[in-house]
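Some notes on the structure that comes next.
Number of protein chains: 2
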Amino acid sequence: MSIWEENVRKVIPYTPGEQPDFPDMIKLNTNENPYPPSPLVKKALEEMELNSMRLYPAPAADALVEELAEAYHVKKEQVFVGVGSDDVLAMAFLTFFNSEKPILFPDITYSFYDVWADLFRIPYEQLPLNEDFAIVPEDYMKENGGIIFPNPNAPTGVEMPFEEVEKIIAYNPESVVIIDEAYVDFGAASVLPLIEKYENLLVVQTTSKSRSMAGMRIGYAFGSEKLIHYLNDAKYSFNSYTMNRPSLVLGSAAIRDQEYFRKITGKIMATREWTKKELKRLGFTFPDSKTNFIFATHEKVQAKELFEALKEQHIFVRYFNKPRIDNYLRITIGTDEQMKKLIDFLEQYL
Amino acid sequence: MSIWEENVRKVIPYTPGEQPDFPDMIKLNTNENPYPPSPLVKKALEEMELNSMRLYPAPAADALVEELAEAYHVKKEQVFVGVGSDDVLAMAFLTFFNSEKPILFPDITYSFYDVWADLFRIPYEQLPLNEDFAIVPEDYMKENGGIIFPNPNAPTGVEMPFEEVEKIIAYNPESVVIIDEAYVDFGAASVLPLIEKYENLLVVQTTSKSRSMAGMRIGYAFGSEKLIHYLNDAKYSFNSYTMNRPSLVLGSAAIRDQEYFRKITGKIMATREWTKKELKRLGFTFPDSKTNFIFATHEKVQAKELFEALKEQHIFVRYFNKPRIDNYLRITIGTDEQMKKLIDFLEQYL
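So the sequences go chain by chain: A and B.
If you read the first sequence in our numbering, its first letter stands for residue 6, the second for the next number, and so on.
If you read the second sequence in our numbering, its first letter stands for residue 6, the second for the next number, and so on.
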């Protein structure tokens, strides 16, 4: 090893879900939305003016921030935006988790949290879910350097009720508490209203799932003006211009179209409920999901085997080879037609 | 101050150049390109397919990386891409500058270097330019935790000859040496060929200036496979999907159109040489610029006064209220017509 390599920050990088690309595939492995973005986004794309691309975008991402403030009834000083919710969360870890006490998050959860903690050398403790795959609120009522968990949790899909989340936040005025609501738009309750009550609460959401914009990389967070100010200061010290012009234009259009948003999320929830019923009929069990995926295990057939069998049919779901969850499949909710094909194949296979 | 605030990473954030917006303005303050992006970019924008926006982009940004590898005759394993060269540089600071020894950079240079060092708590030493605003290569031949400087330097516009840059790199096999070539495409020599010879050399460039894509936020770096691998590992631990779909599509088109690139950079260089002659005639002096800007001072009139007078005419240039350079203006090269208007006004005003 050369001497310069001794000063390299070495990490075990996060492995994104595989991105297969077959014309006939049914892609249910990365929780993408099966429907296209809003027609307003299409219109905004068609009208996008190329000459302005030579100019830097607005560093404060004003157009998008203002659209979010209006849609969510908060002040624009309470909104932060980033290159996907991953960028928002990475910046929040860097900004807020600088205590010597460990930050707390679940053992089974979004697999990026320990990656960020390792990257920034933040001490952490992973708290086990109970046997129903639920987060135990009391576990988060002890000394810590910060708290983060998704609600609903991923990859389990389990929602913690609003009152329980508030109890955790109320117990922890001395730490920043981040609620990662990437999947909240599929029928769960957001704690967004609580940002008025707790200045240390950060609520993170994304356009990737419920607004069909995974390809645009637009995430956002809400918090007290004080919290957002700190986050922006760190962001401006990292990269002043994170949001490119297409993100500002297309992101604003996506947020504006509330009607389309409600229509497609409603559709996905209906498809999810149908899928639950069918999976149950075929001998699957799963925690009740409030997300755009179902985390299911079969009474007889191993998850790994099903994963491989589905893959051969070009039906891609997600399998995690990790303790406690290595007999589960995370199945994204697609269109009715896609889910019917999945169920038909499973029925025949089982 | 609340207790949670004690663990916030506090920084003095970088202040981006002001982004005025008047229909009649002549904007020469942030080194943007006066010409639109390539016609191939326009075509790519028109053909961009919206439905795919619901899907995550390729995490390795393959299309763009491959286009860069082809254009610059390197392997794709020698290419890194990010959300503007700021993102590339921030990630490089985080990845490579973890020594307890100070990193070295000039006292008058891109004003983000000390901001990143402060953000990541990296010790640093700023080495004075000589009286001609040139970097003194010998200063960089001592113990250090890393080296970074722009070539040509900003805001001075001064190029260090290839041989001098190589001397610095050759002296420092124990540190990562970053040459920030944001402005190299306007007539300076790139040290890109040296990545084959020095595995600790990172060469950073951008589409923001020479390819008229400041609004797209696309930067890139070249280095040894080993260096790029470390950088990618850190990047995947921060944000797996940094480049959105429009960046991949439009960025690739911009890199592909070498002919247009040569045409507009050639045009800007010609305009620059004309502007130099005219400024000299009006009593300005400046270090010889190899960039798309000129860093000029007037023999009689204070820079601050000229900056304000130009601003009133909606002609925006950059003024830095900093020691040693507070009597200079950084003037971006615009179109012939814009520069003629600038010179006409200065002639009349002086």
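Yeah, the Cβ is synthetic: ideal placement off N, Cα and C, and Gly gets one too.
**OP:** Take A:V13 as the anchor and find which of B:E179, B:T340 and B:T276 has the nearest alpha-carbon.
**Re:** Here residue 13 of chain A corresponds to residue number 8 of the first sequence, with the count starting at 1. In this structure, B:E179 is the residue among B:E179, B:T340 and B:T276 with its C-alpha nearest to the C-alpha of A:V13.
**OP:** Please name the residue in B:V86, B:E313, B:H319 and B:L50 whose C-alpha comes closest to that of B:N326.
**Re:** Taking the second sequence and counting its residues from 1, the one referred to as residue 326 of chain B is at position 321. Residue nearest to B:N326 within the set B:V86, B:E313, B:H319 and B:L50 is B:E313 (criterion: CA-CA distance).
Original post:
By DSSP, does A:G224 sit in helix, in strand, or in coil?
Top reply: By 1-based counting over the first sequence, the position of residue 224 of chain A is 219. Shown here, A:G224 sits in a strand according to DSSP, grouped into three states.
**OP:** Report the rounded CA-to-CA distance for A:N36 versus B:Y61, giving the unit in angstroms.
**Re:** Translated into the one-based positions of the first sequence, residue 36 of chain A becomes position 31. Translated into the one-based positions of the second sequence, residue 61 of chain B becomes position 56. Going by C-alpha positions, A:N36 is about 10 Å away from B:Y61.
Original post:
Which runs of the beta strand (DSSP E) spanning at least 3 residues fall entirely within the stretch 98 to 177 of chain A, listed in chain order?
Top reply: Runs of the beta strand (DSSP E) inside the stretch 98 to 177 of chain A: 108 to 111, 129 to 132 and 152 to 155.
**OP:** Provide the residue span of the beta strand (DSSP E) that contains B:G87, from first to last.
**Re:** Within the second sequence, numbered from 1, the residue matching residue 87 of chain B stands at position 82. Looking at the DSSP string, the run of the beta strand (DSSP E) that includes B:G87 is V84 to G87.
Original post:
Comparing the C-beta of B:V150 with each C-beta of chain A, is any distance below 9 Å?
Top reply: For the purposes of this step, residue 150 of chain B is taken as residue 145 along the second sequence, with counting starting at 1. In the sequence on display, residue 150 of chain B carries Gly and not Val. Any Cβ of chain A closer than 9 Å to the Cβ of B:G150 would place that residue at the interface, and such an atom is present.
Original post:
Taking only beta-carbon atoms, is A:A95 less than 9 Å away from chain B?
Top reply: Indexing the first sequence from 1 puts residue 95 of chain A at position 90. Closer than 9 Å to some Cβ of chain B, the Cβ of A:A95 qualifies, so yes.
Subject >> Close Cβ partners of A:F101 (< 7 Å) along its chain, the five nearest in sequence each way excluded >> reply: Within the first sequence, residue 101 of chain A is the residue found at index 96, counting from 1. These residues qualify, in order along the chain: G151 and V181.
**OP:** With a cut-off of 8 Å on the beta carbons, I'd call B:L207 and B:A76 a contact; round off their distance for me.
**Re:** Along the second sequence, one-based indexing puts residue 207 of chain B at 202. Along the second sequence, one-based indexing puts residue 76 of chain B at 71. That belief does not hold up - the Cβ atoms of B:L207 and B:A76 are roughly 18 Å apart, past 8 Å.
Original post:
Would you call the stretch 185 to 201 of chain B and the stretch 240 to 248 of chain B in contact, with 3 or more CB pairs under 8 Å?
Top reply: No, the stretch 185 to 201 of chain B is not in contact with the stretch 240 to 248 of chain B.
**OP:** Assuming B:F117 contacts B:Y225 (C-beta within less than 8 Å), just tell me the rounded distance between them.
**Re:** In the second sequence, residue 117 of chain B corresponds to position 112, counting from 1. In the second sequence, residue 225 of chain B corresponds to position 220, counting from 1. Between B:Y225 and B:F117 the Cβ distance is about 17 Å, and since that is not below 8 Å, they are no contact.
Subject >> Delimiting residues of the alpha helix (DSSP H) encompassing A:Q307 >> reply: In the first sequence, residue 307 of chain A corresponds to position 302, counting from 1. No alpha helix (DSSP H) contains A:Q307, which DSSP labels as neither H nor E.
Subject >> Chain-ordered chain A contacts of B:N34 [CB-CB under 8 Å] >> reply: Within the second sequence, numbered from 1, the residue matching residue 34 of chain B stands at position 29. Residues of chain A with a Cβ closer than 8 Å to the Cβ of B:N34 do not exist; the shortest Cβ-Cβ separation is about 10 Å.
Original post:
In the stretch 45 to 59 of chain B, which residues sit with their C-beta less than 9 Å from some C-beta in chain A, listed in chain order?
Top reply: Taking 9 Å as the Cβ-Cβ cut-off against chain A, the residues of the stretch 45 to 59 of chain B that qualify are V46, K47, L50, E51, M53, L55, N56, S57, M58 and R59.
Subject >> the stretch 305 to 324 of chain A contacting the stretch 49 to 66 of chain A, beta-carbon criterion three pairs below 8 Å >> reply: The answer is no - the stretch 49 to 66 of chain A does not touch the stretch 305 to 324 of chain A, with fewer than three Cβ pairs under 8 Å.
Subject >> Rounded distance between the beta-carbons of B:T211 and B:G339, thought under 8 Å >> reply: As a working mapping, residue 339 of chain B is identified with position 334 in the second sequence. As a working mapping, residue 211 of chain B is identified with position 206 in the second sequence. The C-beta separation of B:G339 from B:T211 comes to about 19 Å, leaving the pair out of contact by the 8 Å criterion.
Original post:
Of all Cβ atoms in chain B, is any one closer than 9 Å to the Cβ of A:W121?
Top reply: Walking along the first sequence from the start, residue 121 of chain A turns up at place 116. Closer than 9 Å to the CB of A:W121 there is at least one CB belonging to chain B.
Original post:
If you drop the 5 nearest sequence neighbours on each side, which residues of the same chain put their C-beta closer than 7 Å to that of A:I174?
Top reply: Numbered from 1 along the first sequence, position 169 holds the residue referred to as residue 174 of chain A. Around A:I174: V182, L199, Y203 and L206.
Original post:
Can you list, in chain order, the residues of the stretch 294 to 320 of chain B whose Cβ is nearer than 7 Å to any Cβ on chain A?
Top reply: Residues: none.
Original post:
Name the chain B residues that come within less than 9 Å of A:E283, Cβ to Cβ?
Top reply: Translated into the one-based positions of the first sequence, residue 283 of chain A becomes position 278. Here the premise fails: no neighbours, minimum Cβ distance about 24 Å.
Subject >> chain A contacts made by the stretch 238 to 263 of chain B, where a contact means CB separation under 7 Å >> reply: Near chain A, meaning a CB-to-CB distance below 7 Å, the residues of the stretch 238 to 263 of chain B are D238, A239, Y241, S242, F243, N244, S245, Y246, T247, N249, R250, P251 and S252.
**OP:** Figure out for me which residue from A:A308, A:P142, A:S43 and A:L315 has the closest Cα to the Cα of A:D331.
**Re:** For the purposes of this step, residue 331 of chain A is taken as the residue at position 326 of the first sequence. Measuring from the Cα of A:D331, the nearest candidate turns out to be A:A308.
Subject >> Paired residues, beta bridge with A:F191 - DSSP >> reply: Translated into the one-based positions of the first sequence, residue 191 of chain A becomes position 186. As far as DSSP is concerned, A:F191 takes part in no beta bridge.
Original post:
Leaving out the 5 sequence neighbours to the left and right, which residues in its chain are closer than 7 Å to A:T270 when beta-carbon positions are compared?
Top reply: Within the first sequence, numbered from 1, the residue matching residue 270 of chain A stands at position 265. These residues qualify, in order along the chain: D190, F191 and S215.
Subject >> Boundaries (first-last residue) of the beta strand (DSSP E) holding B:T302 >> reply: Position 297 of the second sequence holds residue 302 of chain B. Start and end: F298 to H303.
**OP:** Please determine if the stretch 265 to 284 of chain A and the stretch 150 to 165 of chain B are in contact, where contact requires at least 3 C-beta pairs separated by less than 8 Å.
**Re:** The stretch 265 to 284 of chain A vs the stretch 150 to 165 of chain B: no contact.
Original post:
Using a beta-carbon distance below 9 Å, is A:I92 in contact with chain B?
Top reply: As a working note, residue 92 of chain A is residue 87 in the first sequence. With the sequence shown as reference, residue 92 of chain A is identified as Asp, and Ile is not the correct amino acid for it. Put simply, the CB of A:D92 is near chain B, with a gap under 9 Å to one of its CB atoms.
Original post:
Under the rule that 16 or more other beta-carbon atoms within 10 Å means buried, what is B:Q343, buried or exposed?
Top reply: As a position in the second sequence, residue 343 of chain B is number 338, starting the count at 1. Counting other Cβ atoms within 10 Å of its Cβ, B:Q343 reaches 16 or more and is therefore classed as buried.
Subject >> Three-way DSSP call (helix, strand, coil) for A:Q343 in this model >> reply: Here the question's residue 343 of chain A lines up with position 338 in the first sequence. Three-state DSSP puts A:Q343 in a helix.
**OP:** Measure the alpha-carbon distance for B:R323 versus A:E168 and round it to whole angstroms.
**Re:** Residue mapping note: residue 323 of chain B aligns to position 318 of the second sequence, counting from 1. Residue mapping note: residue 168 of chain A aligns to position 163 of the first sequence, counting from 1. Approximately 53 Å, taken between the alpha carbons.
Original post:
What in chain A is Cβ-close to B:A68, meaning under 7 Å?
Top reply: Here residue 68 of chain B refers to the residue found at position 63 of the second sequence. Near B:A68 there are no residues of chain A at all, since even the closest Cβ is about 12 Å away, more than 7 Å.
Subject >> Continuous beta strand (DSSP E) stretch holding A:Q210: start and end >> reply: If you number the first sequence from 1, residue 210 of chain A lands on position 205. Here the beta strand (DSSP E) through A:Q210 covers L206 to T211.
Original post:
So, A:F289 versus A:E304, is the Cβ gap smaller than 9 Å?
Top reply: Along the first sequence, read from residue 1 onward, the residue named residue 289 of chain A stands at position 284. Along the first sequence, read from residue 1 onward, the residue named residue 304 of chain A stands at position 299. Taking 9 Å as the Cβ cut-off, A:F289 and A:E304 qualify as a contacting pair.
Original post:
Which same chain residues, not among the five before or five after B:N249, have their C-beta less than 7 Å away from its C-beta?
Top reply: Position 244 of the second sequence holds residue 249 of chain B. P62.
Original post:
In three-state terms, what does DSSP make of A:T290?
Top reply: Sequence index remark: in the first sequence, residue 290 of chain A carries index 285 (1-based). Three-state result, A:T290: strand.
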